[in-house]
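Worksheet: the structure to be examined is printed underneath.
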Amino acid sequence: MKRAKFLLLMVFVMLAGLDVLLMLNQLFHGDLQRASSTSIRLLLTGGLLFCVYRGHAWARVVTGLLMFIATIYCGLSALSLQSLLLWALLPLFAFGLYVVTLSPSVRLFLAEQKAKRTYTNPEVPAEN
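Residue numbers (the numbering used here): 5 to 132.
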């Protein structure tokens with residue numbers, strides 16, 4: 005389980021780190037309007053990733069779909085623009101897509117997280 009948790013947190017840091025770097029670049033160039041929209045996207049990304057970590061299936065599906073779109077878009081853009089940065093980002097997005105959607109250890113970890121979140125003790129009576 006430690007491996008799955010590490011892989012998932014590594015993908016989370018990668019995604020949030022890209023947003024932070026983009027926001028800092030926009031602030032450095034004086035583009036405050038785009039930096040504010042990037043900071044909102046960073047908050048939404050953090051909320052979505054928190055929901056994935058807690059084991060919400062819908063959040064995992066949404067994250068997987070977004071990672072799939074990002075991987076395809078990055079690959080097509082790298083081909084058309086011949087950008088080294090996009091070629092470097094392509095394996096990161098592909099790795100994130102694998103971890104979030106296909107990794108068996110991450111799936112098991114997220115199932116355990118969901119079980120922890122939804123567990124009710126049968127010995128404790130429900131409050132009315």
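The beta-carbon is built from N, C-alpha and C at its ideal position, and this holds for glycine as well. As the structure is a prediction and not an experimental result, all values here were calculated from the model.
ask   = How would you call Thr-67, buried or exposed, if buried means at least 16 neighbouring beta carbons within 10 angstroms?
value = Position 63 of the sequence shown, counting from 1, holds the residue named residue 67. Thr-67 sits buried, since 16 or more C-beta atoms from the chains shown fall within 10 Å of its C-beta.
Rounded to whole angstroms, how far is the Cβ of Gly-79 from the Cβ of Arg-121, which I believe are closer than 8 Å?
-> Against the sequence shown, residue 79 aligns to sequence position 75. Against the sequence shown, residue 121 aligns to sequence position 117. Not confirmed; about 35 Å, so no contact.
Val-56 versus Ser-40 - alpha carbon distance: The residue given as residue 56 occupies position 52 in the sequence shown. The residue given as residue 40 occupies position 36 in the sequence shown. C-alpha separation (whole angstroms): 24 Å.
(message) On the CB-based measure, 16 or more other CB atoms within 10 Å of its CB, does Arg-45 come out buried or exposed?
(response) Along the sequence shown, one-based indexing puts residue 45 at 41. In the assembly as shown, Arg-45 is an exposed residue. Its beta-carbon has fewer than 16 other beta-carbons within 10 Å.
query: Does the distance from the CB of Leu-11 to the CB of Ser-107 come in under 8 Å?
result: Working through the sequence shown from its first residue, we reach residue 11 at position 7. Working through the sequence shown from its first residue, we reach residue 107 at position 103. Remark: C-beta atoms of Leu-11 and Ser-107 approach each other more closely than 8 Å.
**Asked** Is it true that the CB of Phe-99 sits closer than 8 Å to the CB of Ala-8?
**Response** Locating residue 8 in the sequence shown gives position 4, where the first residue counts as 1. Locating residue 99 in the sequence shown gives position 95, where the first residue counts as 1. For Ala-8 and Phe-99, no; Cβs fall outside 8 Å.
Buried or exposed (CB count within 10 angstroms, at least 16 for buried), Gln-117 | Here residue 117 corresponds to residue number 113 of the sequence shown, with the count starting at 1. Classified as buried, Gln-117 has 16 or more neighbouring CB atoms from the shown chains inside 10 Å of its CB.
**Request:** Would you grab the beta carbon distance between Phe-97 and Ala-74 for me? Rounded to a whole angstrom, and I think it's under 8 Å.
**Result:** Here residue 97 is taken as the residue at index 93 of the sequence shown, counted from 1. Here residue 74 is taken as the residue at index 70 of the sequence shown, counted from 1. That belief holds up - the Cβ atoms of Phe-97 and Ala-74 are roughly 5 Å apart, short of 8 Å.
Go ahead and pull the three-state DSSP assignment for Met-3.
Absent from the model: residue 3. The displayed extent of the chain is 5 to 132, so no value can be given.
Could you give the distance in angstroms between the alpha-carbon of Leu-88 and the alpha-carbon of Leu-94?
Position 84 of the sequence shown holds residue 88. Position 90 of the sequence shown holds residue 94. The alpha-carbon separation between Leu-88 and Leu-94 amounts to approximately 10 Å.
For this session: In angstroms with no decimal places, state the Cα-to-Cα distance between Thr-105 and Arg-64.
Result: In the sequence shown, counting from the first residue as 1, residue 105 sits at position 101. In the sequence shown, counting from the first residue as 1, residue 64 sits at position 60. Rounded to whole angstroms, Thr-105 to Arg-64 spans 7 Å at the Cα level.
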